[in-house]
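Just so you know, the sequences run in chain order A and B.
For the first sequence, my numbering assigns the number 1 to the initial residue and increments by one for each residue that follows.
For the second sequence, my numbering assigns the number 303 to the initial residue and increments by one for each residue that follows.
Number of protein chains: 2
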Amino acid sequence: MSISIVGSVAFDTLHSHEGTRERILGGSAVYASIAASNYAPSSIIGVVGKDFPNNYLDLLKSRNINIQDIQVLEGKTFHWTGSYLEDLNKAKTISTEIGVLGNFHPALTRDTSDSCFLFLANNDPDILLEAIHQSRSKYIALDTMNLWIETKRDLLLQALQYADIFFINDGEIRLLKDNMNIIKTASWMFENFQNLKYLIVKKGEYGATIFGRKPEEYFNIGAYPLHLVKDPTGAGDTFAGSFLGYVCKKGSFDWATMKEALLVGTVNASFTVEEFGLDKLLSISTKDIEQRMDLLKKYSTL
Amino acid sequence: MSISIVGSVAFDTLHSHEGTRERILGGSAVYASIAASNYAPSSIIGVVGKDFPNNYLDLLKSRNINIQDIQVLEGKTFHWTGSYLEDLNKAKTISTEIGVLGNFHPALTRDTSDSCFLFLANNDPDILLEAIHQSRSKYIALDTMNLWIETKRDLLLQALQYADIFFINDGEIRLLKDNMNIIKTASWMFENFQNLKYLIVKKGEYGATIFGRKPEEYFNIGAYPLHLVKDPTGAGDTFAGSFLGYVCKKGSFDWATMKEALLVGTVNASFTVEEFGLDKLLSISTKDIEQRMDLLKKYSTL
Numbered sequence: 001m002s003i004s005i006v007g008s009v010a011f012d013t014l015h016s017h018e019g020t021r022e023r024i025l026g027g028s029a030v031y032a033s034i035a036a037s038n039y040a041p042s043s044i045i046g047v048v049g050k051d052f053p054n055n056y057l058d059l060l061k062s063r064n065i066n067i068q069d070i071q072v073l074e075g076k077t078f079h080w081t082g083s084y085l086e087d088l089n090k091a092k093t094i095s096t097e098i099g100v101l102g103n104f105h106p107a108l109t110r111d112t113s114d115s116c117f118l119f120l121a122n123n124d125p126d127i128l129l130e131a132i133h134q135s136r137s138k139y140i141a142l143d144t145m146n147l148w149i150e151t152k153r154d155l156l157l158q159a160l161q162y163a164d165i166f167f168i169n170d171g172e173i174r175l176l177k178d179n180m181n182i183i184k185t186a187s188w189m190f191e192n193f194q195n196l197k198y199l200i201v202k203k204g205e206y207g208a209t210i211f212g213r214k215p216e217e218y219f220n221i222g223a224y225p226l227h228l229v230k231d232p233t234g235a236g237d238t239f240a241g242s243f244l245g246y247v248c249k250k251g252s253f254d255w256a257t258m259k260e261a262l263l264v265g266t267v268n269a270s271f272t273v274e275e276f277g278l279d280k281l282l283s284i285s286t287k288d289i290e291q292r293m294d295l296l297k298k299y300s301t302l
Numbered sequence: 303m304s305i306s307i308v309g310s311v312a313f314d315t316l317h318s319h320e321g322t323r324e325r326i327l328g329g330s331a332v333y334a335s336i337a338a339s340n341y342a343p344s345s346i347i348g349v350v351g352k353d354f355p356n357n358y359l360d361l362l363k364s365r366n367i368n369i370q371d372i373q374v375l376e377g378k379t380f381h382w383t384g385s386y387l388e389d390l391n392k393a394k395t396i397s398t399e400i401g402v403l404g405n406f407h408p409a410l411t412r413d414t415s416d417s418c419f420l421f422l423a424n425n426d427p428d429i430l431l432e433a434i435h436q437s438r439s440k441y442i443a444l445d446t447m448n449l450w451i452e453t454k455r456d457l458l459l460q461a462l463q464y465a466d467i468f469f470i471n472d473g474e475i476r477l478l479k480d481n482m483n484i485i486k487t488a489s490w491m492f493e494n495f496q497n498l499k500y501l502i503v504k505k506g507e508y509g510a511t512i513f514g515r516k517p518e519e520y521f522n523i524g525a526y527p528l529h530l531v532k533d534p535t536g537a538g539d540t541f542a543g544s545f546l547g548y549v550c551k552k553g554s555f556d557w558a559t560m561k562e563a564l565l566v567g568t569v570n571a572s573f574t575v576e577e578f579g580l581d582k583l584l585s586i587s588t589k590d591i592e593q594r595m596d597l598l599k600k601y602s603t604l
């Protein structure tokens, strides 16, 4: 079974204390699909402009990623320019050239509608709902960001009614409901979203926490300790992509699998942030991942 | 063996979203010694004014805490007024009535100079050094705060040369050296402070991390998940006091003991923050602590 990923395919221009990169391959669907490809095949549902280089598409194909539902439209590819100079933990958007992404409507073909997971990366809740209504996937996973919580909260909560798994940042989950703490918000979510099975809170350098519906289903893991973070772009999408890829590969949706997937996501994301863009994620082997997983397990076990 | 604790004995006036408390018993040495008393006897080296109620001293004695080195001076007891209304994670000082603490010079008598640990809670580095020079304790543990890093860095680093164990907050450790990340700062510390055996970074709601001198000595634990935090005052001192009490009781200074002590500190602090002041910490039993330790272990184990 494969994972269908609805998200951005983009050019990123990035500034951090470790340097600058211009118009490199980026976008939520790209990070998520490449990370997922360590475990399961995936498809991208997205859009690029006519300016998108073929070698970027070839790179995706070389990772066994299905690109047939990437629309190529007249116009420019989405281009995000961000800076981590002020705060390594929080991207500051310098500019956004929306390009063809402004006219994007996901179109899931037979191949991509019927998958293990439909993963909806951060997107306008209108787009989330469009994709959800076309999906015949076994499970739906969803990520979001503060922008949509603040501007389209009702539609976002509507989309969340379909989510089996919800990924959200530490800072963002507090915006969801009355600025409550994470533990309380988790309880509120399971009470109000009947389809939700697992909630994953991504905490950046502090690791990640997963909640299940049962009170005893709580698991927390610290981040893999790194001496240097060069570029946090794509860490969250790497996390989600590898998490879902692992669950899809295991073919199990139980609590034990979810805890392992949290470790998988944490470790994959630790590679992404070590170099700019996809440089590190593309260069690692299964053995590299396993080594870090063993170490992180050791670092978390009494 | 017992623990000698140099720190404040104070009145606290506290404001949080859960209410207000006026002139309740507080101070770093009080929290640390009560938490330590769950594991080992302790002594306080501190100062109070003539206004300090006898029943507060009786309370300390009832926990098997040696108060013979608490000086009672003409004048007022240190009184701190703080608020968590803006940010539950960061105390805002409303007022500080320094009182007799302004003339404090620690005097360690035979009983308190010769202990398992000398724990120096957050204090002016001049005071830290005064106490260090009187000590014949087996090990020295030290805590600090941003104020001293910013205003008396050189003296603080001098005191740190004597520390076997150093407790510091997440936000504060970044101030120590070039705003580096925690992992890098830990390496810098072990290179520059030859006596340092273990570094403990307290991260509030994100838990705590301990580093040893060997690269593989790294252990992280999340906080115990709480639906409500009423008053974080004293959490760090509770953490340090129970950590050191546990190590003292075990009589071992090895890595396995340190990891267990991190769990002990994290769990004890989780009780402190649930109610105002010492209310919860004074009401719990060994069984309550053990129950949470078992749960937190489960929440952190794959």
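Note that beta-carbon positions come from the ideal geometry of N, C-alpha and C, so glycine has one too.
Below-7 Å beta-carbon distance, residue i vs any chain B residue
{"i": "residue 183 of chain A", "result": "yes"}
{"i": "residue 139 of chain A", "result": "no"}
{"i": "residue 206 of chain A", "result": "yes"}
Helix, strand or coil at residue i according to DSSP, with G and I counted as helix
{"i": "residue 532 of chain B", "result": "coil"}
{"i": "residue 325 of chain B", "result": "strand"}
{"i": "residue 549 of chain B", "result": "helix"}
{"i": "residue 88 of chain A", "result": "coil"}
{"i": "residue 71 of chain A", "result": "strand"}
{"i": "residue 108 of chain A", "result": "coil"}
{"i": "residue 13 of chain A", "result": "strand"}
{"i": "residue 399 of chain B", "result": "strand"}
{"i": "residue 445 of chain B", "result": "strand"}
{"i": "residue 554 of chain B", "result": "coil"}
{"i": "residue 266 of chain A", "result": "helix"}
{"i": "residue 239 of chain A", "result": "helix"}
{"i": "residue 38 of chain A", "result": "coil"}
{"i": "residue 297 of chain B", "result": "Here chain B comprises residues numbered 303 to 604, so residue 297 of chain B is not present and cannot be evaluated."}
{"i": "residue 605 of chain B", "result": "It is not possible to answer for residue 605 of chain B, since the shown part of chain B is limited to 303 through 604."}
{"i": "residue 513 of chain B", "result": "strand"}
{"i": "residue 573 of chain B", "result": "helix"}
{"i": "residue 202 of chain A", "result": "strand"}
{"i": "residue 151 of chain A", "result": "helix"}
{"i": "residue 306 of chain B", "result": "strand"}
{"i": "residue 113 of chain A", "result": "helix"}
{"i": "residue 296 of chain A", "result": "helix"}
{"i": "residue 358 of chain B", "result": "helix"}
{"i": "residue 103 of chain A", "result": "helix"}
Within chain B, the residues that residue i reaches when beta carbons sit closer than 7 Å
{"i": "residue 264 of chain A", "result": "Per Cβ cutoff of 7 Å: no residues; residue 264 of chain A is ~11 Å from chain B at best."}
Contacts that residue i makes with chain A (C-beta to C-beta distance below 7 Å)
{"i": "residue 604 of chain B", "result": "259, 260, 263 and 297"}
{"i": "residue 383 of chain B", "result": "What residue 383 of chain B touches in chain A: nothing, since even the nearest Cβ is about 24 Å away."}
Chain-ordered neighbours of residue i on chain A, where CB pairs are closer than 9 Å
{"i": "residue 574 of chain B", "result": "Going along chain A, no residue has its Cβ under 9 Å from residue 574 of chain B, so there is no contact; the nearest lies around 16 Å."}
Residue i: contacting residues in chain B (beta-carbon distance under 8 Å)
{"i": "residue 203 of chain A", "result": "508"}
{"i": "residue 151 of chain A", "result": "Chain B residues near residue 151 of chain A: none, gap ~25 Å exceeds 8 Å."}
{"i": "residue 144 of chain A", "result": "Going along chain B, no residue has its Cβ under 8 Å from residue 144 of chain A, so there is no contact; the nearest lies around 22 Å."}
Interface residues of chain B facing residue i [CB-CB closer than 9 Å]
{"i": "residue 77 of chain A", "result": "Near residue 77 of chain A there are no residues of chain B at all, since even the closest Cβ is about 33 Å away, more than 9 Å."}
Residue i beta carbon near the ligand GTP (any heavy atom closer than 6 Å)
{"i": "residue 195 of chain A", "result": "As far as ligands go, the structure on display features none, and thus does not contain the ligand GTP."}
### Contact residues within the stretch 518-547 of chain B, judged by C-beta distance below 9 Å to chain A
For the stretch 518-547 of chain B, the set of residues with a beta-carbon nearer than 9 Å to any beta-carbon of chain A comprises 518, 520, 521, 522, 523, 524, 525, 527, 528, 529, 530 and 531, in chain order.
### Near-chain B residues of the stretch 88-113 of chain A (beta-carbon distance less than 7 Å), N- to C-terminal order
So the list is empty, because no residue satisfies the distance condition.
### Query
Is the stretch 179-186 of chain A close to the stretch 143-155 of chain A, with three or more CB pairs under 8 Å?
These segments do not touch.
### Query
Listed in chain order, which residues of the stretch 313-332 of chain B have Cβ atoms closer than 8 Å to some Cβ of chain A?
For the stretch 313-332 of chain B, which is checked against every Cβ of chain A, not one residue is closer than 8 Å.
### Query
Is the stretch 397-405 of chain B in contact with the stretch 274-282 of chain A, if contact means three or more CB pairs nearer than 8 Å?
By the Cβ test, the stretch 397-405 of chain B is not in contact with the stretch 274-282 of chain A, since fewer than three Cβ pairs between them sit closer than 8 Å.
### Segment contact, 8 Å Cβ cut-off, at least three pairs: the stretch 195-202 of chain A with the stretch 157-174 of chain A
At 8 Å Cβ cutoff, the stretches touch.
### chain B contacts from the stretch 269-294 of chain A (Cβ-Cβ distance under 7 Å)
Listed by position, the residues of the stretch 269-294 of chain A near chain B (Cβ gap below 7 Å) amount to none.
### Query
So does the stretch 374-393 of chain B actually touch the stretch 519-538 of chain B, counting three or more Cβ pairs closer than 8 Å?
Yes, since at least three Cβ pairs between the stretch 374-393 of chain B and the stretch 519-538 of chain B fall closer than 8 Å, the two stretches touch.
### Message
For the pair the stretch 112-126 of chain A and the stretch 136-143 of chain A, tell me if three or more CB-CB distances fall below 8 Å.
### Response
A contact exists between the stretch 112-126 of chain A and the stretch 136-143 of chain A.
### Query
Counting pairs of beta carbons, one from the stretch 556-564 of chain B and one from the stretch 503-522 of chain B, are three or more of them closer than 8 Å?
Contact between the stretch 556-564 of chain B and the stretch 503-522 of chain B is established, with three or more Cβ pairs separated by less than 8 Å.
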